[in-house]
Amino acid sequence: MPSLAAARIRERMGAPIGKIPGVWRWPLFVGLSATIPFLLSDVWIQMLVFVGLFIVLGLGLNVVVGFAGLLDLGYVAFFAAGAYSLGIMSSPGSPFDLSMNFWLVLPLGVVIAALFGILLGLPVLPLRGDYLAIVTLGFGEIIRLFLVNREDVTAGSQGLSAIARPEIGGFEIESFTHWYYFVLAAAVVVGFVASRLRDSRIGRAWEAIREDEDVAAAMGVNTVKYKLMAFAIGAAIGGLGGVIYASFIGFISPAGFSLQVSIDVLAIVIIGGMGSTPGVILGALVLVGIPRILLFRETADFLSKLEWMREVLNGLIRGMDAFVPGSIGRLPPAGEWGAELADDTRFIIFGALLVIIMVVRPEGLMPSRRRQLEFAIEEPAALPATGAGG
Amino acid sequence: MNAPYIALSTAFWWDQFINGLTTGSLYALIALGYTMVYGVLKMINFAHGEVFMLGSFAGYGILVALGGDDLSGPMIAAAILAAIAGAMVVSATASAVIERLAYRRLRNAPRLAPLISAIGVSIFLQYLVLDRTEARAKFYPDIFPRGEFGAGAFQVAYMQAFLIASSVVMMLFLYAIVQRTRAGRAIRAVAENPANASLMGVDVNRTIVLVFVLGAAMAGVAGVLHGLFFQTIRGSMGFLPGIKAFTAAVLGGIGSIPGAVVGGYTLGLAETLGRELLNELPGVDLGNQWRDVIAFSLLVTILIFRPTGIFAERTATRA
Amino acid sequence: MSAAELRVRGLGMQFEGLTALADVTMGIPAGEIHGLIGPNGAGKTTFFNCLTGFYRPTSGELWLASQRVDGLPTHVLAALGVSRTFQNIRLFANMTALENVLVGSHTHIRAGGREVLSVHRPSHRATIDRLISLGTAHRAAIQGLVELAGAVGRPPAVRNAEQEAVTSARRILAAVGLAGRENALARNLPYGDQRRLEVARALATRPGLLLLDEPTAGMNPQESAAMVGLIRRIRDEFETTIVLIEHQMRVVMGVCERITVLDYGRKIAEGTPAEVQRDTRVIEAYLGTRALRAGGHGTS
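Here the protein sequences line up with chains L, A and X, keeping their order.
Once you know that position 7 of the first sequence is 7 in the working numbering, the rest is easy, because the numbers rise by one and skip nothing.
Once you know that position 283 of the second sequence is 1283 in the working numbering, the rest is easy, because the numbers rise by one and skip nothing.
Once you know that position 45 of the third sequence is 2045 in the working numbering, the rest is easy, because the numbers rise by one and skip nothing.
Written out as structure tokens, the structure reads:
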């Protein structure tokens, strides 16, 4: 258990976001974000579009896991529901020749995803903790197997392409910058809805269910209704992300909707900071942004300058060969370090990171105030109630 | 129906039955690890499938080091035994290290923390091995004697017999430890009530480590047997058997050792025979993928409708 | 909500191999402060669990204010006016005192649209049937959507309802003596305050029947006396019937108007404190003759 001193230090480090008064945070964020496309090249903007998509997904899962405390390991199912709704309804290659307009399918996809949320939520209502996690994982896998096997509905492994793009009047979203603003708008809307929900009677009900479900019911909270609501909202947001994703990439196939996606989104929420919107943003930037940045040409160019470091390290390794011959092998060229990290070793680091964060800072990098308190050590009754408690 | 048709049918179903027992043995061995850890810590050890995988690779390494495909005669038996022993050690060590680093400090944390940590370990180990092997499969030396024995339609391959027999031996061994030794008593005490056990002088930490070690040893054996039987091993091999073994553990009543065994065999038979039975229905042609669907659906159904398992003891419950 | 009359007829709770309650019959007039005592394991908390929907009684009937309520889901019972505190305090530890009380008032905050289950006039079995009928699902869905819209849009009606709830919650906190502690985290409160907060939270549900499970457990005589005073005030100011599980005989005999005694799941005595004290069966059950007479602690 972390010591009292360590806890006090962590508290002081806290979240810098806390220094900015509440009312200014959203406009500041939106304002700053809006200027990004003018400052960065297309490669960066494309990366940010992906980050933005995962922010949307993270905010959605945050409702389920962070607000209501429901451990969902099958979130990819809702993401897939949205994506495949658009794919099936608009792709010329789909088994159903519909070629529908993007804007028509968008709300449909969200609603379909929400319905999936309720459908998947109903049977798991009595489950708690680990069991809930495993069952939702099972559901996610069943959905993926469905996508692969039912070619008559989903075009199976070959996937769906030429998916519709959003257009308004004659203006069609094409460039990365367009997509960036589109995703940014979606993230802002989702973030706004999520925060309004959290600060409402619904959010309080979720909090109570999260704390002690039986007692919440004893106080009049209809746990069935609110848990289903959490699943539905989370799923709807996931579906929204799915629709946008499908349109952005233009092509979807079952391979893109694996368990790894569920885990990625969960990691963003957990590592970024559970229950907190800034945390989700940070989580997405770190877990989605950094691996992509490592793949940039600019990164490779930058890393090439570190070739001298490679020489030094290889030399050291050669020295170690005296003790354990050929144990580690040689490092690849410095310019390739980025690609190496992003590709092979990314998941190794990812896994290690999950463990390290849980053991060292389980509340995440930038948790909401309440999560911080939840994970803080129990203060012995003898201590006076310090500011830490408020 | 004429006689040869019946004989073919019977042989076919008998083969499927033996297949079911074979995979069932593997599931049972792995399930033991899940059920024991859940019994003492009330947590699902997500990384257990990877412990199984590590055992499999350890066995591979040992067999290759001892001569691989060049082994012959009595050396084969010795090599296999060495591989099994080595795999047990490797798996047990890995599991103990995992417990110490990733789980121990999280025993009193909110439910989410050890779960995420376990997932992290699972991902870490999977991709570590995938990276080291460049995501290519490794192949166990094909040294186990081929051939079958039996009467008429009822043939059993030597390999299958060996696999099932070894599994049963290991299970009996584990059962003996848990039921007959002091350490086993300690395990049962901690599973029932850690606080009380501690008050009665049981070293809870040591006991928990022992639980991890025993379960992992079983999984290590399963890893080698899997490698010998299916030949192909890869870094990602732990995921599916892990989930299925967990299903088996729940099926038999999580926390119950006999339950894990029964659950394992039930799942193995259900998977194999079930698919074939369904295929008998007109118009149904289920490919291999559907074995997984059956397994997952079974998992989901059991957890929703009967989380205490089919064979769990009923005790007075409190709200 | 006004005080409700409770009638229990032949209540039984059977687990596999364990009879927790058997054939319990009793009647508690509206507004009474009623004690429930008995040795450990007698079934007292089980009785509460049956009254609040935590358990589904295996036999018997429960009537609250002339409505049949056995078998109803927990949150419905809460909306009908049954509320409780817990033997081992079960507050929402990481929420503030105010938030805890606000959860209690959940059903009474208008969030746009009425709750599917009208609090006023459901009838026994029809209620249960309605709850599982499709019509209810439709209505629940629509009501849920309205509530969602209200939460996101925050029209004046919703904001006012929240403000009212906060004001009323503050009043309740003041009534139990926790004024000014509203922003303290529940788990940081001292033990005695936590017990009072639990009572406040239960009061926020506007109960007609308030079930207190060992409210003075772990308290010294001073705190116990304060709790007794609070209980009396609650019955008078909040107009609710109170049933009290207690082990401290002084408290029981002091504040309860009538008492029911359980032993091994059965009712063995019922009456005024004086009557119960003299009842030989009760004395036998407790084996604490002198303790009973002296009005001290009951044996466990």
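No residue lacks a Cβ here, since even glycine has one placed at the ideal position from N, Cα and C.
| Three-state secondary structure (DSSP) of Ile309 of chain L | A small fix is needed here, since residue 309 of chain L is Met in this sequence, not Ile. Three-state result, Met309 of chain L: helix.
| request: Could you tell me which of A:Val1300, A:Ile1123, A:Gly1242 sits nearest to Ile142 of chain L, measuring between CA atoms? | output: A:Val1300
| By a C-beta neighbour count over all protein chains shown, 10 Å radius and 16 as the cutoff for buried, is Arg201 of chain L buried or exposed? | buried
| Between which two residues does the beta strand (DSSP E) carrying Ile2037 of chain X extend? | 2033-2037
| request: Closer than 9 Å, Cβ to Cβ, to anything on chain L: give me those residues from the stretch 1120-1135 of chain A, in chain order. | output: Gly1120, Val1121, Ser1122, Ile1123, Phe1124, Leu1125, Gln1126, Tyr1127, Leu1128, Leu1130, Asp1131, Glu1134, Ala1135
| message | Considering Cα atoms alone, identify which of X:Met2253, X:Glu2016, X:Ala2204 is closest to Val2228 of chain X. | response | X:Met2253
| field | chain X contacts from the stretch 191-208 of chain L (Cβ-Cβ distance under 7 Å) | value | Val193, Arg196, Leu197, Ser200, Arg201, Ile202, Arg204, Ala205, Glu207, Ala208
| request: Starting from Leu2212 of chain X, follow the beta strand (DSSP E) in both directions and report where the run begins and ends. | output: 2209-2213
| Reference Ala2274 of chain X, options X:Cys2256, X:Leu2262, X:Ala2004, closest by Cα | X:Cys2256
| message | Residues in the same chain with beta-carbon distance under 8 Å from Arg297 of chain L, minus the five sequence neighbours each way, listed in chain order, please. | response | Val43
| request: Could you check the C-alpha separation between Leu2211 of chain X and Gly129 of chain L for me, to the nearest Å? | output: 30 Å
| said: At the level of alpha carbons, what is the spacing between Ala2204 of chain X and Gln158 of chain L? | reply: 58 Å
| query | Within 10 angstroms of its Cβ, does Glu151 of chain L collect 16 or more other Cβ (buried), or is it exposed? | reply | exposed
| Alpha-carbon to alpha-carbon, Leu2230 of chain X and Pro2221 of chain X | 14 Å
| task | Would you kindly work out how many angstroms separate the C-alpha atoms of Arg2114 of chain X and Thr2107 of chain X, rounded to a whole number? | result | Bear in mind that a pLDDT of 45 at Arg2114 of chain X, under 50, signals an unreliable position, so the number given afterwards is only what the model happens to contain. Their Cα atoms are separated by approximately 10 Å.
| said: If distances are taken between C-alpha atoms only, which option among A:Arg1182, A:Ser1095, A:Thr1308 comes closest to Val1215 of chain A? | reply: First, the amino acid is wrong: residue 1215 of chain A is Gly here, not Val. Ranking A:Arg1182, A:Ser1095, A:Thr1308 by Cα distance to Gly1215 of chain A puts A:Ser1095 first.
| Residues of chain L with a CB under 7 Å from the CB of Asp1292 of chain A: which are they? | Leu145
| query | In chain order, what residues of the same chain have a beta carbon less than 8 Å from the beta carbon of Val1202 of chain A, not counting five sequence neighbours either side? | reply | Ala1186, Ala1189, Val1190
| query | Can you find a C-beta in chain L that's less than 7 Å from the C-beta of Phe2015 of chain X? | reply | no
| field | Own chain partners of Ala2179 of chain X with C-beta closer than 7 Å, once the 5 adjacent residues on each side are dropped | value | Leu2173
| request: Rounded to whole angstroms, what's the CA-CA distance from Ala185 of chain L to Leu2077 of chain X? Just pull it up for me. | output: 44 Å
| said: Let me make sure I understand the geometry here. Which of X:Ala2175, X:Arg2090, X:Gln2143 has the alpha-carbon closest to that of Asn215 of chain L? | reply: Going by the sequence as given, residue 215 of chain L is Val instead of Asn. For Val215 of chain L, the nearest C-alpha among the options comes from X:Arg2090.
| request: Could you please tell me which residues of the stretch 2071-2096 of chain X, in chain order, have their CB closer than 9 Å to any CB of chain L? | output: Pro2073, Thr2074, His2075, Val2076, Leu2077, Ala2078, Ala2079, Val2082, Ser2083, Arg2084, Phe2086, Arg2090, Leu2091, Phe2092, Ala2093, Asn2094, Met2095, Thr2096
| field | Cβ separation of Leu71 of chain L and Leu1112 of chain A, assumed to be a contact under 8 Å, to the nearest whole Å | value | 6 Å
| Starting from Phe1057 of chain A and walking both ways along the alpha helix (DSSP H), at which residues does that stretch end? | 1048-1065
| field | Backbone secondary structure at Ile263 of chain L - three-state DSSP | value | helix
| Should Arg1105 of chain A be flagged as near chain L, meaning a C-beta pair shorter than 7 Å? | yes
| message | Taking only three categories from DSSP, how would you classify Gln2143 of chain X? | response | helix
| field | Beta-carbon contacts of Thr277 of chain L that lie in its chain and below 6 Å, excluding the five residues immediately before and after | value | Gly191
| query | Between the stretch 1246-1265 of chain A and the stretch 1166-1185 of chain A, do at least 3 Cβ pairs fall closer than 8 Å? | reply | yes
| query | Are the beta-carbon atoms belonging to Ile271 of chain L and Gly256 of chain L less than 7 Å from one another? | reply | no
| task | Please go through the same chain and pick out, in chain order, the residues whose beta-carbon is closer than 6 Å to the beta-carbon of Val76 of chain L, but skip the five residues on each side of it. | result | Gly140, Phe257, Val261, Ser262
| Residue closest to Arg2154 of chain X, alpha-carbon to alpha-carbon, out of L:Gly117, L:Leu197, L:Ala162 | L:Leu197
| query | Hey, is Val135 of chain L's beta-carbon within less than 7 Å of any beta-carbon in chain A? | reply | yes
| request: Return the Cβ separation of Ile1294 of chain A and Glu1271 of chain A in integer angstroms, given the expectation that the two are a contact with Cβ distance under 8 Å. | output: 6 Å
| Contained alpha helix (DSSP H) runs [length at least 4] in the stretch 165-216 of chain L, N- to C-terminal order | 176-198, 201-211
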